[in-house]
Each structure stands twice: as C-alpha cells, then as structure tokens.
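Below is one structure, written out as structure tokens, with a few remarks after it.
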Amino acid sequence: MERFAARRLGRIPPYLFAELDRLKAETGGDVIDLGEGSPDLPTPKPIINALVRAAARSENHGYPTYAGKLSCREAVAGWYARRFRVKLDPGSEVTMLIGSKEGVGHLIWGTCGPGDTLGYTDPAYPIYPNQARLSGARPIAIPLREGNGFLPDLDVVDDLGPRLKLLCLNYPSNPTAAVAPLSFFREVVALARKHGFGVVNDCVYSELSFGSKPPPSILQIPGAKDCCIEFHSLSKTWSMAGWRIGMAVGNRELVRSLLRIKQNTDSGPFGAIQDAAAWALEHGERFAARHREVYRRRRDVFCRALRRAGWQVPVPEATFYVWTRPPGKRRDDYAFALELLRECRVVCAPGVGFGRFGRGFVRFALVQPEPRLREAAARIGTWLNRTPTTKTRRSRDD
Ligand SMILES: Cc1ncc(COP(=O)(O)O)c(C=O)c1O
4 MERFAARRLG RIPPYLFAEL DRLKAETGGD VIDLGEGSPD LPTPKPIINA
54 LVRAAARSEN HGYPTYAGKL SCREAVAGWY ARRFRVKLDP GSEVTMLIGS
104 KEGVGHLIWG TCGPGDTLGY TDPAYPIYPN QARLSGARPI AIPLREGNGF
154 LPDLDVVDDL GPRLKLLCLN YPSNPTAAVA PLSFFREVVA LARKHGFGVV
204 NDCVYSELSF GSKPPPSILQ IPGAKDCCIE FHSLSKTWSM AGWRIGMAVG
254 NRELVRSLLR IKQNTDSGPF GAIQDAAAWA LEHGERFAAR HREVYRRRRD
304 VFCRALRRAG WQVPVPEATF YVWTRPPGKR RDDYAFALEL LRECRVVCAP
354 GVGFGRFGRG FVRFALVQPE PRLREAAARI GTWLNRTPTT KTRRSRDD
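The working numbering numbers the first residue of the sequence shown as 4 and each following residue consecutively.
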C-alpha cells in the first residue's frame with residue numbers, strides 16, 4: 004500500500020473507466036468511444052438560460068441549504084406527482100444532490116458500516132459494492148441472469164433478507180438495459196417489509212425509454228415509503244451530467260441518514276443550478292422527449308447495422324446502452340473489448356467491469372451522433388466478416 008493511501012482503498016478495484024481511458028489514449032487514431040455513459044448532447048438552451056438568470060440572483064451566492072432549496076424540492080415533488088402519481092412531502096421526503104452518484108455513495112455511508120450487509124444486483128454500476136466496501140460493510144452480489152430478464156431471483160433475496168441492511172436495485176438498469184415491472188417492485192417491497200431492510204432504486208434512466216409504457220417508480224407501490232428511497236438525476240434526461248444535480252426521494256429516515264453525511268461532507272448543489280433544475284422539471288418534458296427520440300434513432304441505427312452484419316445484439320427497451328454477448332464463439336469479454344479497440348478502434352465496456360456476473364457480455368453506450376454510430380457498426384461489421392469465428396455464428400443466427 005502506498006504511503007498516502009488509506010488502507011480501505013485497497014478494498015476497491017481500479018475504476019473501470021479510468022482504465023478504458025488509458026487504453027484508448029494508448030491506441031490513438033480515430034477512436035469511437037462507446038465506453039462511458041456520458042451524454043454527448045448539449046443541455047437544452049432554455050435550461051442554460053434559466054441558469055444564467057439564476058446565477059445573477061444574489062440569494063444563490065451564499066452557501067446552499069443542505070437539503071436543497073425548498074422551491075426545487077417542490078418542483079421535484081410536482082414532477083413525481085405528474086410522472087408517477089406519487090405524493091411526496093418536499094420538507095422531509097426529498098433532498099437535492101450533487102448528482103445521484105454522490106447521493107448513493109453518501110446514503111450507503113449513512114446507513115451501513117462494519118457488521119452490515121448490502122445486497123446489490125450484479126452486474127451493476129460499480130458504486131454500490133465499492134461504497135459498501137469503503138464504508139466497512141459487506142457487499143453481497145445477487146446475480147442477474149439473462150434467462151430471468153436481468154431481474155434478481157426473489158427467492159435469493161428472501162433467503163438473504165434477514166442479513167440485509169440495504170438492497171440496491173437499479174431499474175431501468177445500467178448496464179443490462181432491463182426495465183423492472185411494477186409487479187417486481189411489489190414483491191421487493193413485500194420482502195423488505197417482511198425482513199426490515201431498506202431498498203434503494205437508482206432510477207436515473209427512467210426517462211430514457213422507448214416502449215409504450217414508461218418505466219415505473221418503486222414508490223408507486225403502496226407502503227414503499229416505509230422502506231424505499233429512489234434516486235433520480237438530470238444528467239441523462241436533460242444532458243446535464245456536468246452540472247452535477249440529482250435528487251433522492253422516499254423514506255424520510257433514509258433521507259435523513261443521507262443528509263447527516265452530506266451535512267458533514269458538502270454544502271449541496273449551487274442554488275442557481277437548482278433553479279435551472281426546477282425549471283427543467285417543470286417545463287422540460289418536451290426536451291426530454293426530444294432526447295428520447297434521438298437515442299431511439301441511434302439505438303435503431305446501431306442495432307440494425309450490427310444485426311445485418313450477423314451479430315444478433317438485443318435491442319434495448321430503455322437506457323442508451325446495448326448489453327450483449329460478443330459475437331460467435333468469443334467468451335472473454337475483456338479480450339473481446341481489447342480486440343475491438345485494436346481492430347476497429349471502437350471502445351466498449353467489458354461486462355466484467357460491472358461485476359462477476361457481467362462476464363461474457365459487453366456494453367456499448369450510444370453517446371455518439373448517428374454518423375459515428377454507423378461508422379462504428381460498419382467497422383465492426385467489416386472486421387467480423389473477415390474473421391472465421393463470426394462466420395460460424397452468422398450462419399447459425401441466420
Ligand atoms: C445507474 C447509474 N446511477 C447513477 C449514475 C450517476 O448519475 P449522476 O450524474 O446523477 O451522478 C449513473 C451514471 O452513469 C448510472 O449509470
């Protein structure tokens with residue numbers, strides 16, 4: 004261990020995307036980066052204008068309040084009521100965050116520590132197990148299998164229930180793109196109430212969906228506020244990842260524990276950003292719909308081109324991720340991702356970076372404009388059709 008690194012840092016692996024950035028820089032040339040899920044679309048102009056107006060207001064120049072401006076929390080409650088028909092008390096059931104990543108991390112610190120167990124679905128956004136490890140708690144992976152639509156087996160959750168302090172879910176899911184139906188949330192809430200554990204649903208992709216029914220909130224289940232907290236973000240919906248603004252809503256004790264850590268760590272998001280976020284929540288649905296349409300077209304362009312080339316990738320119903328097994332007989336996702344970078348100069352994320360049960364899959368993030376996605380798919384198609392292992396697969400799939 005290095006001299007100036009805490010021993011607890013030894014409990015977490017290197018951050019996946021830092022490693023991908025290094026490999027990308029080493030490769031050089033015209034690399035198409037579909038690795039990290041950082042939206043490439045600009046923030047809609049009216050939201051930027053709302054920020055500019057708010058930045059001039061002196062009320063925003065002091066320290067923000069810890070839970071966030073009441074006006075912004077009211078905007079969150081209003082959005083929840085319209086979008087999910089869920090009633091929230093802005094005073095005690097909503098807190099603003101410097102992005103949902105910050106909130107999830109601090110919630111884990113506020114609720115878990117040595118002797119506690121946190122269940123999380125695997126493959127997952129790596130923050131849940133890594134923050135559990137840093138807090139001294141024990142993370143337990145609950146596998147997500149393709150055959151079960153990438154939902155966890157609820158018998159496994161029931162068995163683990165008596166040991167769990169917190170269960171972390173993420174639907175719509177990064178990286179699998181799965182959407183959980185309300186019936187699934189109903190069973191999870193019943194198990195949480197039976198065993199007394201808390202439930203996190205990281206719901207940051209709820210507005211990027213392409214089916215006829217928008218994804219639900221776990222808080223739509225009666226009684227969910229006894230045990231559940233949900234995280235949202237403006238990062239993906241309105242392309243505001245750099246602004247660092249999100250929110251946590253739900254069970255007031257969970258919200259309070261999160262806030263106690265935040266009070267001792269940060270001072271909340273800049274008030275002007277909260278004003279702009281409130282504007283987006285109250286007036287921004289048409290821009291969210293526009294972004295959804297862009298991602299839907301990208302999904303169709305990319306998936307269709309790969310499928311035409313013989314790689315039968317699944318077409319996601321939500322999120323901007325394509326989660327798929329590598330084509331042909333390739334089994335090693337990490338080796339495949341390196342091969343793709345070397346042969347096609349296309350970056351994808353190897354599934355193992357999202358946990359043990361992500362092995363054998365790769366993830367493409369559709370965060371490049373359509374022409375670049377066409378180009379990426381064309382390079383991949385040309386390469387695959389030169390290599391014998393894909394030809395075998397192609398004849399089988401066709
Ligand atoms: C599942 C999930 N949760 C949270 C985040 C972070 O969002 P934010 O920008 O609000 O911190 C991401 C970002 O990729 C994500 O995929």
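Using N, Cα and C, we set each Cβ at its ideal position, and we do this for glycine too.
Opening and closing residue of the beta strand (DSSP E) in which residue i lies
| i | result |
| --- | --- |
| Phe234 | Cys231 to Ser236 |
| Arg366 | Val365 to Ala368 |
| Cys171 | Leu169 to Leu172 |
| Gly356 | Note, Gly356: premise wrong, no beta strand (DSSP E); not H, not E. |
| Trp112 | Not the beta strand (DSSP E): Trp112 falls in the alpha helix (DSSP H), residues Ser103 to Thr114. |
| Leu121 | Thr120 to Asp125 |
| Ala251 | Gly249 to Gly253 |
| Trp326 | Tyr324 to Thr327 |
Three-state class that DSSP yields for residue i in the structure shown
| i | result |
| --- | --- |
| Ser204 | Position check: residue 204 holds Asn in this sequence, whereas Ser was assumed. Residue state, collapsed to three classes: strand. |
| Val55 | helix |
| Thr98 | strand |
| Ile35 | strand |
| Tyr131 | helix |
| Val182 | coil |
| Tyr83 | helix |
| Pro330 | coil |
| Ser212 | strand |
| Ala8 | coil |
| Ala318 | The residue asked about is misnamed: residue 318 is Val in this sequence, not Ala. Val318 falls in the coil class under three-state DSSP. |
| Val350 | strand |
| Ala292 | helix |
| Asn63 | helix |
| Pro175 | coil |
| Asp92 | coil |
| Ile264 | helix |
heavy atom of ligand 1 below 7 Å from residue i C-beta
| i | result |
| --- | --- |
| Ala275 | no |
| Ala244 | yes |
| Asn133 | no |
| Gln202 | It is worth fixing the name first, because residue 202 is Val in this sequence and not Gln. No, since every heavy atom of ligand 1 falls outside the 7 Å radius drawn around the Cβ of Val202. |
| Val207 | yes |
| Ser236 | yes |
| Asn177 | yes |
| Lys265 | no |
| Gly40 | yes |
| Gly287 | no |
| Tyr174 | no |
| Tyr298 | no |
| Gly249 | yes |
| Tyr18 | no |
| Tyr128 | yes |
Boundaries of the alpha helix (DSSP H) in which residue i is found, first to last residue
| i | result |
| --- | --- |
| Trp314 | Looking at the DSSP string, Trp314 is not in any alpha helix (DSSP H), and its letter there is neither H nor E. |
| Pro146 | Element bounds for Pro146: not the alpha helix (DSSP H) but the beta strand (DSSP E), Arg141 to Pro146. |
| Cys347 | Asp336 to Cys347 |
| Thr385 | Glu373 to Leu387 |
| Gln277 | Gly274 to His286 |
| Leu157 | Leu157 to Leu163 |
Contacts around residue i, its chain only, beta-carbon distance under 7 Å, and the 5 residues preceding and following it disregarded
| i | result |
| --- | --- |
| Ile276 | Leu54, Trp246 and Ile248 |
| Val349 | Ile35, Leu37, Leu343, Ala379, Arg382 and Ile383 |
| Gly164 | Leu194, Lys197, His198 and Phe200 |
| Glu62 | Gly274 |
Same chain only: Cβ atoms within 6 Å of residue i, ignoring 5 sequence neighbours per side
| i | result |
| --- | --- |
| Arg399 | In this prediction, Arg399 has a pLDDT of 33, which is less than 50 and means its spatial position is unreliable; what the coordinates show is noted afterwards. Once the five neighbours on either side are set aside, Arg399 has no close Cβ partner at all. |
| Phe187 | Leu154 |
| Tyr131 | Tyr123 and Cys171 |
| Val255 | According to the sequence displayed, residue 255 carries Arg and not Val. Contacts found: Ser95 and Glu96. |
| Gly361 | Pro126, Gly354 and Val355 |
| Ser209 | Pro218 |
| Ile232 | Val203, Ala251, Gly253, Asn254 and Leu257 |
| Pro405 | Within the shown structure, residues of the chain are numbered from 4 to 401, placing residue 405 beyond reach of any answer. |
Status (buried if at least 16 other CB within 10 Å, exposed otherwise) for residue i
| i | result |
| --- | --- |
| Gln134 | buried |
| Lys197 | exposed |
| Ala292 | exposed |
| Arg6 | exposed |
| Ser215 | exposed |
Residue i: CB within 7 Å of a non-hydrogen atom of ligand 2
| i | result |
| --- | --- |
| Lys104 | Of the ligands this structure carries, namely ligand 1, none is ligand 2. |
Chain-order list of residues whose beta-carbon lies under 8 Å from that of residue i (same chain, five-residue window excluded)
| i | result |
| --- | --- |
| Phe213 | Arg295, Tyr298, Arg299, Arg302, Pro319, Glu320 and Ala321 |
| Thr390 | Gly331 |
Residue-level contact to chain B via CB, residue i, 8 Å cutoff
| i | result |
| --- | --- |
| Asn388 | No chain B is part of this structure, which consists of one protein chain only. |
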